[in-house]
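First up is the structure itself, then whatever we jot down about it.
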Amino acid sequence: MKPVDVLGVRVEMPTNQPIVLLRERDGERYLPIWIGAAEATAIAYAQQGVEPPRPLTHDLFKDVLETLGHRLTQIKIVELKDKVFYAVLVIDGTHEISARPSDAIALALRTTTEIVVAEDVLDEAGVALTPEEDDEVEKFRDFLENVSAEDFETPDAGDSDPEVGESNR
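Every number in our numbering is 38 more than the matching position in the sequence shown, counting from 1.
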């Protein structure tokens, strides 16, 4: 398992599909995961430190864990099967619960929990960038500094969007 950092979310054009981009902490690979608009908003809120007036689902889950005396100890992105990513929430270091990567990432950002990705997932879906492409990542970071969570809201956003690898687009 390789630790990754969340670079952020953006809308991929021309499909208007949100994407979360992870970067291998001690390597050169990036992992793009297409996600739903609601999940993109949840991730963007967490990265921007936005506290809604009422708890959103990920805030609620965090509060429930804390109230019950449990701790989210790690997020694992464990599999890519049929172009769909799978993640696991590790609670108290021993209990594993299946989750969508976008939900796991949104929760990890709220709890400052480490995110790791299976080596075979990075091998299959990770992208190593050339210096020219790395300039695009810098542009992406600039975009992240100016984007707001509202940019990901759409009137028909549902949470039925699969979380798929780059090869599906």
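Here a beta-carbon is modelled for each residue, glycine too, at the ideal position from N, C-alpha and C.
With 16 other Cβ atoms within 10 Å as the buried cut-off, status of residue i
i	result
K119	exposed
V165	exposed
I135	exposed
P91	exposed
Local conformation of residue i per DSSP, three classes
i	result
E152	coil
H96	helix
P139	helix
D43	strand
L145	helix
E50	strand
L19	Summary: the structure shown does not reach residue 19, with the chain confined to residues 39 through 207, and so no result is reported for it.
E89	coil
A195	Residue confidence for A195 is low, a pLDDT of 46 falling below 50, so the modelled location carries little weight; the figure read from the coordinates is stated next. Note: A195 maps to coil in three-state DSSP.
S205	Model confidence at S205 stands at a pLDDT of 39, short of 50, so the residue's coordinates are unreliable; what they give is reported in the following sentence. Helix.
Residues near residue i in its chain [Cβ-Cβ closer than 6 Å; skip 5 each side]
i	result
V49	P56
E117	Y124
I153	V42, I113, A146
E62	K40, V42
Enclosing alpha helix (DSSP H) for residue i [first to last residue]
i	result
T79	75–86
Limits of the unbroken beta strand (DSSP E) element including residue i
i	result
E62	55–62
D158	No beta strand (DSSP E) contains D158, which is instead part of the alpha helix (DSSP H) from 157–163.
R111	As written in the sequence, residue 111 is Thr, which differs from the Arg given in the question. Element bounds for T111: 110–119.
P70	67–72
L127	122–129
Residues of its chain near residue i, where Cβ-Cβ distance is below 8 Å and the 5 sequence neighbours each way are ignored
i	result
L94	A80, Y83
Close Cβ partners of residue i (< 7 Å) along its chain, the five nearest in sequence each way excluded
i	result
D212	Lying before the first or after the last residue shown, residue 212 is absent from the chain, which here runs from 39 to 207.
Validate contact between the stretch 48–59 and the stretch 77–92 using beta carbons, cut 8 Å, 3 pairs: yes
contact_flag[the stretch 132–149, the stretch 80–97] where n(CB pairs < 8 Å) is 3 or more: yes
Meets three-Cβ-pair contact criterion under 8 Å: the stretch 145–160 and the stretch 93–111: yes
Cβ contact (3+ pairs, closer than 8 Å) linking the stretch 104–113 and the stretch 61–69: no
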